[in-house]
Amino acid sequence: MPTQAIKPSSSYISSYTKMACEKNHIQCSSKVGIIGAGISGIAAAKQLRHYSPLVFEASNSIGGVWKHCSFNSTKLQTPRCDFEFSDYPWPERDNASFPSHVQVLEYLHNYATHFDVLKYVKFNSKVVEIRYVGDRTSQLDMKPKEYGSLLNGNPAWEVAVETNQSTKVQWYAFEFLVVCIGKYGDLPRMPVFPPHQGEEAFLGKVLHALDYAKLDKDAAHKLLKGKKVAVVGYKKSALDLAVECAAANQGPEGQPCTMVIRTLHWTVPSYWIWGLPFFLFFSTRSSQFLHERPYQTLFKTLLCLLLSPMRRGISKFIESYLAWKLPLAKYGLKPDHPFVEGYASCQMAILPENFFEEADKGNILFKRASKWWFWSRGIEFEDKTRLEADVVLLATGYEGKKKLQDLLPEPFSSLVVDSSGIMPLYRGTIHPLIPNMAFVGYIESVSNLHTAELRCIWLARLADEKFKLPGIEKMLEQTNEEIQVMKRTTRFYKRHCISTFSINHSDDICEEMGWNSWRKKNWFSEAFSPYNSQDYDENKEN
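In the UniProt record's numbering, the protein residues as written are 1 to 542.
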């Protein structure tokens, strides 16, 4: 019989633990702690709510990147039906338009309210330090061992929290800690320059996308209007910034915005390719059968080799459509890598509306450059050309892994990211050598919400001891195999993207939980229909 979830009670924290906490002035009000109240943190709180978790959120609201890293024009890049919780569908879920970031925040808040999750969140509570107080020999022993229970009756982690109301740090102790601070936001990735060629040499204004996101609509418009603006980058944030800049500079007095691009990435105007829905190419079980997956059989490996021309053909088919539909050749924006590599690294972006229309009007310009630096009136490039600018916006990404490493104590800080820059997480959630801790939101797929929710369901059932993990050595082997597949699939493997084998990844999670991995009603739908969150509704298992 599966172990039943334990209901919270006044005796839920043992009296011995309470006495120890009181003696050391540490709060032990819950067995489970969660850091971050973005999509991953709220999903974790909902699934673990029978433990009355304590959720620490540094800001005054839930939402994570959707609250703190979004611009006025930011929209979801997937249809509503591909970005929803399994038990809480969007209103008008079949609406083909992409919701704005405001609508995404509203949906998340409604979800949290519906499931009464907000009562677990401590707002304006920033975690500044984590220390391990569990058994130091249990997980770092060289001998292969079992991972052990997530809730064993003794605190494993202590967390230091700063609040806006006090300069003092309050410590909390937890048996199980879920880290949901994500890879984006908080810590911007800033370019490094030679002496006297950095931001200090520039007389204009420099903002990272994170700082720009803090501006309200009027302040952002004032910053851009009538200014020569350079946007560094060519991913989703950079594309949105360029369109906002163009919108602020309409008319004869407007100035063009120049995108400074080091690496090109594939962009698509919509989820239709030559009249066919995009999901047919990557989001069905039959389409993902063409791609390599972790720990596949020798027969499947040989089959993947034989099917490689078909994979390349599909990639070329999509590339031909994009080259026909978009003026990539005209502006020198065709990436050097195949489309399938971009998709396999979760770097494909949906173009903002009117992007190339603004480029055709001369409001958005493009400059390819692998190296650049500041001079007093703008940016200088390695080909000795110069670009005059009043404002430089850096859409250069975030140091999410460094943010996490700075928070964790040694030796766990060194373990959480391997030598190749990937977080080696079993099921994308647990590091086999870091006890009583989980990480949600650190692997990517076409729908990060679905990816996070399913792993939170898995975590809750693991905490309830409804299934048991393999040995540590086996988990390390499987995690390494997954990393090797990503390295063979795309040169951009550090993003830890599972988009080409996401259904197989979900299959493994379902089977480990004791669920049926085939979630459709019939074999035709199983083979050719897209998978989404609705297929993993827990009610289907009851």
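We put the beta carbon where it would ideally sit given N, CA and C, even for glycine.
*Helix, strand or coil at Y271 [DSSP, three-state]*: Stepping through the sequence shown from its first residue, residue 271 is reached at position 271. Coil, per DSSP.
*Element boundaries [alpha helix (DSSP H), containing G400]*: On the sequence shown, position 400 is the one that residue 400 refers to. Residues G400 to L407.
*Count the C-beta pairs between the stretch 170-178 and the stretch 343-359 that are closer than 8 angstroms, then say yes if the count reaches three, no if not.*
Not touching, per the Cβ criterion.
*Once you ignore the five residues that flank A463 on each side, which residues in its own chain have a CB closer than 8 angstroms to its CB?*
For this step, residue 463 is matched to residue 463 along the sequence shown. Around A463, the same chain offers V32, L48, Y51, L150, L151 and F176 as residues with beta carbons nearer than 8 angstroms, after the five sequence neighbours per side are excluded.
*Since Y111 and F83 are thought to touch, with beta carbons under 8 angstroms apart, how far apart are those beta carbons, to the nearest angstrom?*
Numbered from its first residue, the sequence shown carries residue 111 at position 111. Numbered from its first residue, the sequence shown carries residue 83 at position 83. No, Y111 and F83 are not in contact; Cβ-Cβ is about 12 angstroms, not under 8 angstroms.
_Cβ-based burial, L203 [other Cβ within 10 Å; buried from 16]_ = Looking up residue 203 in the sequence shown gives position 203. Exposed.
*Terminal residues of the continuous alpha helix (DSSP H) containing T167?*
Here residue 167 corresponds to residue number 167 of the sequence shown, with the count starting at 1. Per DSSP, T167 lies in no alpha helix (DSSP H); the unbroken beta strand (DSSP E) holding it starts and ends at S166 to F174.
*Going straight from the alpha carbon of N363 to that of K205, what length do you get?*
Walking along the sequence shown from the start, residue 363 turns up at place 363. Walking along the sequence shown from the start, residue 205 turns up at place 205. Our two residues, N363 and K205, have alpha carbons roughly 20 angstroms apart in a direct line.
*When the Cα atoms are used, what is the spatial distance from A438 to M190?*
If you number the sequence shown from 1, residue 438 lands on position 438. If you number the sequence shown from 1, residue 190 lands on position 190. When rounded, the distance between both Cα atoms is 28 angstroms.
*asked:* For a test of the three-state rule: what should DSSP assign to R377, helix, strand or coil?
replied: On the sequence shown, residue 377 is found 377 positions in, with the first residue counted as 1. Coil at R377, not helix or strand.
*asked:* Mapping the DSSP letters down to three states, classify L422 as helix, strand or coil.
replied: Position 422 of the sequence shown holds residue 422. Leu is not the amino acid found at residue 422; the sequence shown has Ile there. Three-state DSSP puts I422 in coil, outside helix and strand.
*According to DSSP, what are the bridge partners of L207?*
As a first step, residue 207 is located in the sequence shown; it is residue number 207 there, counting from the start. Beta-bridge pairing links L207 to L393.
*Hey, out of I443, L459, W515 and G428, whose CA is closest to L476's CA?*
The count along the sequence shown starts at 1 and reaches residue 476 at position 476. Looking at I443, L459, W515 and G428, the one whose alpha-carbon comes closest to that of L476 is G428.
*Leaving out the 5 sequence neighbours to the left and right, which residues in its chain are closer than 7 angstroms to N436 when beta-carbon positions are compared?*
As a working note, residue 436 is residue 436 in the sequence shown. Leaving aside the five residues that flank N436 on each side, the residues in its chain whose CB is nearer than 7 angstroms to its CB run, in chain order, G134, L150, A156, W157, E175, F176 and L177.
*asked:* Looking at the secondary structure, which residues open and close the alpha helix (DSSP H) in which Y343 lies?
replied: As a working note, residue 343 is residue 343 in the sequence shown. Looking at the DSSP string, the run of the alpha helix (DSSP H) that includes Y343 is F339 to A344.
*In the DSSP assignment, find the unbroken beta strand (DSSP E) run with E200 in it and report its ends.*
As a first step, residue 200 must be located in the sequence shown, where it is residue number 200. Neither: E200 is in no beta strand (DSSP E) and is coded neither H nor E.
*Roughly how many angstroms separate the alpha carbons of P53 and Q296, rounded to a whole number?*
Counted from its first residue, the sequence shown places residue 53 at position 53. Counted from its first residue, the sequence shown places residue 296 at position 296. For the pair P53 and Q296, the Cα-to-Cα distance works out to about 37 angstroms.
_When E244, D535 and S61 are compared against N124, the one with the closest alpha-carbon_ = Locating residue 124 in the sequence shown gives position 124, where the first residue counts as 1. Considering only E244, D535 and S61, the residue with the shortest C-alpha distance to N124 is S61.
*Across which residues does DSSP place L387 in a beta bridge pair?*
Numbered from 1 along the sequence shown, position 387 holds the residue referred to as residue 387. By DSSP's assignment, L387 forms a beta bridge with I379.
*Tell me G254's beta-bridge partners as DSSP assigns them.*
Looking up residue 254 in the sequence shown gives position 254. For G254, DSSP records no beta bridge to any residue.
*Can you give, in chain order, each stretch of the beta strand (DSSP E) that sits fully within the stretch 433-476 and has at least 3 residues?*
The qualifying runs are 437-439.
_My output table needs one value for M190: the three-state DSSP class, helix, strand or coil._
Residue mapping note: residue 190 aligns to position 190 of the sequence shown, counting from 1. Of the three classes helix, strand and coil, the one that applies to M190 here is coil, per DSSP.
*asked:* On the criterion of 16 or more Cβ atoms from any shown chain inside 10 Å, does L241 qualify as buried, or is it exposed?
replied: For this step, residue 241 is matched to residue 241 along the sequence shown. Burial call: buried.
*May I have the straight-line CA-CA distance separating N249 from V55, to the nearest angstrom?*
Translated into the one-based positions of the sequence shown, residue 249 becomes position 249. Translated into the one-based positions of the sequence shown, residue 55 becomes position 55. Those two C-alpha atoms are separated by around 43 angstroms.
*Could you check the C-alpha separation between S70 and L394 for me, to the nearest Å?*
Residue 70 sits at position 70 when you count from the first residue of the sequence shown. Residue 394 sits at position 394 when you count from the first residue of the sequence shown. So the alpha carbons of these two residues sit roughly 14 angstroms apart.
*Meets three-Cβ-pair contact criterion under 8 angstroms: the stretch 510-528 and the stretch 489-499*: No, they do not touch.
*Is it true that the CB of S59 sits closer than 8 angstroms to the CB of K67?*
In the sequence shown, residue 67 corresponds to position 67, counting from 1. In the sequence shown, residue 59 corresponds to position 59, counting from 1. Taking 8 angstroms as the cut-off, the Cβ atoms of K67 and S59 count as close.
*When burial is assigned at 16 or more other CB atoms within 10 Å of the CB, is M310 buried or exposed?*
Translated into positions along the sequence shown, residue 310 becomes position 310. For M310, the number of other beta carbons within 10 angstroms of its own is below 16, and it is reported as exposed.
_Ordered list of alpha helix (DSSP H) runs contained in the stretch 283-311, each at least 4 residues_ = Here the runs fully enclosed are 285-288 and 298-306.
*asked:* I need the straight-line Cα distance from P277 to Y271, nearest angstrom please.
replied: The residue labelled residue 277 in the question sits at position 277 within the sequence shown. The residue labelled residue 271 in the question sits at position 271 within the sequence shown. The alpha-carbon atoms of P277 and Y271 are separated by roughly 6 angstroms.
*Look up Q77 in the DSSP assignment and say whether it is helix, strand or coil.*
By 1-based counting over the sequence shown, the position of residue 77 is 77. Here Q77 sits in coil by DSSP.
*Compute the distance between the beta-carbons of L407 and I130, then report whether it is under 8 angstroms.*
By 1-based counting over the sequence shown, the position of residue 407 is 407. By 1-based counting over the sequence shown, the position of residue 130 is 130. Against a cut-off of 8 angstroms, the Cβ pair of I130 and L407 comes out as a contact.
*Starting from W157 and walking both ways along the beta strand (DSSP E), at which residues does that stretch end?*
Taking the sequence shown and counting its residues from 1, the one referred to as residue 157 is at position 157. If you look at W157, you'll find it in the beta strand (DSSP E) that goes W157 to T163.
*asked:* Would the stretch 256-273 count as touching the stretch 320-327 if we require 3 or more Cβ pairs under 8 angstroms?
replied: Contact between the stretch 256-273 and the stretch 320-327 is present, because at least three Cβ pairs lie under 8 angstroms.
_For H114, count the other beta carbons within 10 Å of its own beta carbon; 16 or more makes it buried, fewer makes it exposed. Which is it?_
As a working mapping, residue 114 is identified with position 114 in the sequence shown. By the neighbour-count criterion, in which a residue is buried when 16 or more other Cβ atoms sit within 10 angstroms of its Cβ, H114 is exposed.
*Quick one: is V128 buried, meaning 16 or more other Cβ sit within 10 Å of its Cβ, or exposed?*
Taking the sequence shown and counting its residues from 1, one reaches residue 128 at position 128. It counts as exposed.
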